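First up is the structure itself, then whatever we jot down about it.
Encoded structure:
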């Protein structure tokens, strides 16, 4: 009973503090994400006042937060839109992998690490944080922007790639050999394809089983289905985030509309818990020795992400301001990068990899949401307009005779 009381006190105080931090952030026009992360650092391992009773509760809440962020993204788009976006964004996905995974692998070799560590660091620098970016897009009111489908296409391609990458890297780090790695990869491929087929062909039938007339039944049905599919996907070594996103894609029509409204408060609650947990799991004392290396890697790969986004948006026919917004939005890394680093730590690959990955992710996830706001400032808009005017061809008017 005493432990339950302490749990209630810790969780209650933490949520109240997050509410105040969110209010402060919005008062000054800032995303609350960096403030949530700093709160996690303050109350985590090596922080000022570590939380003892609520760690496990916050960890579960953080997992639910990522799942809710992704299912809400999926609810914004239909299955046909997903397939169309994936087809059009496939070349951008290849560019994304080359521009962001290769620098990570090269950096590992530069530090004198082996090819296993290079494979891990390539994944850490490659994939953006769907959770953080989803939150940023919502905070900045850009869900309906023209460039948002391009951003989501890149994120979906990365998440689907992680569904294949994670089983492969797990097998490599476990030393199971080529056959074991191929077996894990085959299971992942079959699972993703099966879920995609169900979402695209039978999405309307799934939506037909869910009633929008009863808000309570709608909430329980959609949330239960999302958690179930995400859990099955994770059990099959496929990303739980991919499973949640595909559930959102499968739901359509009035069900998707009402589910978006009813799940929004839950998403905001558990998303805040996710960002706090990220900070809680980080020991600030382990980061100073690798901070300079992490900073250099972050600057390099944030620039390559901006370039990736601009290329993807240009291919979609989006003007320069939208290209810049796309690139800036893709900079943060997050949940997948930490998962990948955790696999490497568990296998005993390069002890410096964990603090380097943590510092790297923190740099991108704190500065990324801040830099994403650049395109909202008047001076930045003026600079983009000036550059656009310079690039626009001048129309030659023939002289009157």
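In the numbering used here, the protein residues as written are 4 to 404.
Positions of the beta carbon are idealized from the N, C-alpha and C atoms, including for glycine.
In this text, all values refer to a predicted model and were calculated from it rather than measured experimentally.
Within the same chain, show all residues whose beta-carbon is closer than 7 Å to that of residue i, passing over the 5 residues directly before and after it, in chain order.
i, result
"residue 74", "229, 247, 248, 250, 251"
"residue 364", "336, 337, 340, 341"
"residue 176", "119, 346, 347, 350, 352"
"residue 419", "Nothing can be reported for residue 419: it is not among the residues displayed for the chain, which extend from 4 to 404."
"residue 404", "Any reading at residue 404 must be qualified, since the residue scores a pLDDT of 42, below 50, and its modelled position is unreliable; no value is offered."
"residue 215", "221, 257, 258, 261"
"residue 367", "301, 305, 334, 335, 336"
"residue 297", "359, 362, 363, 366"
Quick one, are the C-beta atoms of residue i and residue j less than 8 Å apart?
i, j, result
"residue 172", "residue 343", "yes"
"residue 307", "residue 113", "no"
"residue 276", "residue 40", "no"
"residue 20", "residue 76", "no"
"residue 72", "residue 274", "yes"
"residue 356", "residue 123", "yes"
"residue 78", "residue 262", "yes"
"residue 236", "residue 245", "yes"
"residue 376", "residue 323", "no"
Can you say whether residue i is buried or exposed, counting buried as having 16 or more other CB atoms within 10 angstroms of its CB?
i, result
"residue 326", "buried"
"residue 205", "exposed"
"residue 12", "exposed"
"residue 63", "exposed"
"residue 437", "There is simply no residue 437 to check, as the chain begins at 4 and stops at 404 in what is shown."
"residue 25", "buried"
"residue 212", "exposed"
"residue 168", "buried"
For the alpha helix (DSSP H) that contains residue i, what are its first and last residues?
i, result
"residue 272", "256-283"
"residue 46", "36-46"
"residue 353", "Note, residue 353: premise wrong, no alpha helix (DSSP H); not H, not E."
"residue 324", "323-332"
"residue 120", "118-129"
"residue 300", "294-318"
"residue 209", "206-211"
For residue i, collect the residues of the same chain with a Cβ closer than 6 Å to its Cβ; drop the 5 residues on either side in sequence, then sort them by chain order.
i, result
"residue 202", "82, 249, 252, 253"
Is residue i near the ligand NAD - that is, is its Cβ less than 7 Å away from at least one heavy atom of it?
i, result
"residue 28", "As for the ligand NAD, it is missing from this structure, which has no ligand bound."
Sorted by chain position, which residues of the same chain lie with C-beta nearer than 8 Å to residue i's C-beta, five sequence neighbours on each side aside?
i, result
"residue 160", "89, 92, 93, 95, 96, 99"
"residue 58", "283"
At least 3 beta-carbon pairs within less than 8 Å: the stretch 265-276 vs the stretch 60-70: yes
The stretch 298-307 touching the stretch 132-140, judged by at least three CB pairs closer than 8 Å: no
Should the stretch 313-328 be regarded as contacting the stretch 153-164, the criterion being three or more beta carbon pairs within less than 8 Å? yes
Give a yes or no on contact between the stretch 117-128 and the stretch 89-108, applying the rule of three or more CB pairs nearer than 8 Å. yes
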